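The next block holds one structure in the form of structure tokens; read it before the comments.
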Ligand code: FAD
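Numbering (the working numbering), first residue to last: 546 to 1025.
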């Protein structure tokens, strides 16, 4: 982690600077400290960097020209989308010799093809705008996450974002048919195909998805669309023990014809923190239970009968002793109140004191074992620490956050961060899991991953990076 240092630009070679200024025009660059400042720090305040210039090209051709000029001068580039990433990937380094390239002005929805179920969008489109444009054409773009009002589709693809509908529709990676990318030498690769089938060699677009800007700059994408759901059923169910969640998930998937969109875990501690610290949250059920599940099913055809099926399924699960209590939202407002509980966990956690966060995944069937084992190990290491596992249980992805012991000194707790994270990551990997399910590696986990990825895998990653970006100008020092 870096020391905080004031934002200021350092001089670029004058010919390069003049070339960039003329390539992007007066609207396309700035070195004004106040304009640059919000771009130089990551959302969690873990990193604060400097940059020689903030460049905001207005087209893929302008991006290509900037990259070509930088490549010739060997000046590195940090691509930046909405700057909502959680691993420092979009923050420039402290030395100040990089160009920060914002995609914000590439914000056109180029086309929507309802018959093909596709849309072609530029990288700087805000995710919510993409969702709204799809909905206006009676289609669904299913990627959905907490930051959707400010993250950009280019950032979503570059981090292979997950979110709350992965169970049904997959990660960002599975929602793309084609890409347009500016390569590290400044060439434009036009891979904007909308084909469902294309077996003509390596699937190159997948290299750039999840690459966190280290292999090239995504300037546009062809996205997959789906029928728009006309029915959404939200339920909140209490269980005593985590294995019951797996059985319930399995029953929900089978009984609904795999219409489960979300299956989120909320522990009692999370609910307590939300109720304690976040105004407007209410306990959806009477009585205290160890764990809760927020379940959402959706259907594109009205009159699908999903509601009745979920009601019947939950009644049977209660009769079987699997579920202790449950409620179904009977209106859009009631559904929003249930989701509010899920969203309020993070706010509640923040208000409770210092926490150490982990974004791990394991095979779905091992989530209960992971939570039990990791909780026991961190509690042995630091008595009083409060593990809180919540999130996308249906994807095997829990946010396993550790909240400081009540009344402890937050700084003393955070001093134990590395040792505690090591326990959590070791446990996830021991169970066949990953230390980064959603957020990527960026700078935060770049070194940590070397402990866990097989040497042959790291070697392949480095070779791909060297093949596409031999001069290491594309977001250097991130991922590999
Ligand atoms: P940025 O933060 O700007 O950049 C992220 C990385 O991508 C950087 O390495 C950057 O260099 C690179 N990059 C950005 N744009 C491009 C481009 N066009 N071409 C090449 N490289 C590029 N993430 C999830 O996966 N699931 C969640 O549920 C989730 N929930 C979140 C909730 C909140 C409240 C917040 C704040 C964040 C959440 N995130 C989540 C993390 C974050 O929102 C995602 O990682 C998001 O996809 C980042 O998009 P962005 O446009 O902000 O990218």
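Beta carbons are placed, not taken as given, at the ideal position from N, Cα and C, and that holds for glycine.
Values in this document were obtained by computation on a predicted structure and should not be read as measured data.
To the nearest angstrom, how far is the alpha carbon of residue i from that of residue j?
i	j	result
residue 823	residue 784	23 Å
residue 942	residue 841	17 Å
residue 873	residue 781	6 Å
residue 722	residue 653	18 Å
residue 689	residue 945	21 Å
residue 865	residue 859	10 Å
residue 549	residue 754	Residue confidence is low: residue 549 scores 37 on pLDDT, short of 50, so the model does not pin down where it sits. Its coordinate-derived value is still stated next. Their backbone Cα atoms lie some 31 Å apart in a straight line.
residue 640	residue 583	17 Å
residue 1026	residue 655	Nothing can be reported for residue 1026: it is not among the residues displayed for the chain, which extend from 546 to 1025.
residue 727	residue 592	26 Å
residue 868	residue 832	13 Å
residue 649	residue 635	13 Å
residue 646	residue 1008	25 Å
residue 908	residue 846	32 Å
residue 769	residue 605	21 Å
By the DSSP assignment, the alpha helix (DSSP H) with residue i in it spans what residues?
i	result
residue 564	559 to 569
residue 893	877 to 897
residue 714	711 to 714
residue 703	698 to 703
Between the Cα of residue i and the Cα atoms of the options, which residue gives the shortest distance?
i	options	result
residue 1017	902, 736, 1000, 729	729
residue 603	574, 616, 594	574
residue 910	690, 798, 787	787
residue 807	701, 709, 652	709
residue 960	901, 879, 627, 674	901
residue 854	899, 620, 777	777
residue 637	992, 623, 956, 631	623
residue 1040	870, 756, 922	The requested residue 1040 does not occur in the structure, where the chain is confined to residues 546 to 1025.
residue 965	831, 817, 927, 556	927
residue 682	891, 568, 658	658
residue 956	898, 935, 982	898
residue 906	598, 985, 843, 703	985
residue 662	684, 953, 576	684
What span of residues does the beta strand (DSSP E) with residue i cover, start to end?
i	result
residue 1030	The first residue shown for the chain is 546 and the last is 1025, placing residue 1030 beyond what the model contains.
residue 529	With the chain covering 546 to 1025 only, the question about residue 529 has no answer from this structure.
In or out: residue i buried (at least 16 other Cβ within 10 Å) or exposed?
i	result
residue 725	buried
residue 775	exposed
residue 551	Reliability of the predicted coordinates at residue 551 is poor, the pLDDT of 40 falling under 50, and no value is obtained from them.
residue 749	exposed
residue 827	exposed
residue 705	buried
residue 744	exposed
residue 589	exposed
residue 625	buried
residue 837	buried
residue 799	exposed
residue 581	buried
So with Cβ pairs under 8 Å, would you call residue i a contact of chain B?
i	result
residue 806	Among the chains of the structure shown, chain B does not appear; only one protein chain is present.
Alpha helix (DSSP H) segments (min. 4 residues) lying fully within the stretch 960 to 1002: 962 to 975
At 3 residues or longer, and completely inside the stretch 581 to 655: list those beta strand (DSSP E) runs for me, N to C. 598 to 600, 622 to 625, 644 to 647
Enumerated in chain order, which unbroken segments of the alpha helix (DSSP H) with a length of 4 residues or greater are wholly contained in the stretch 889 to 956? 912 to 926
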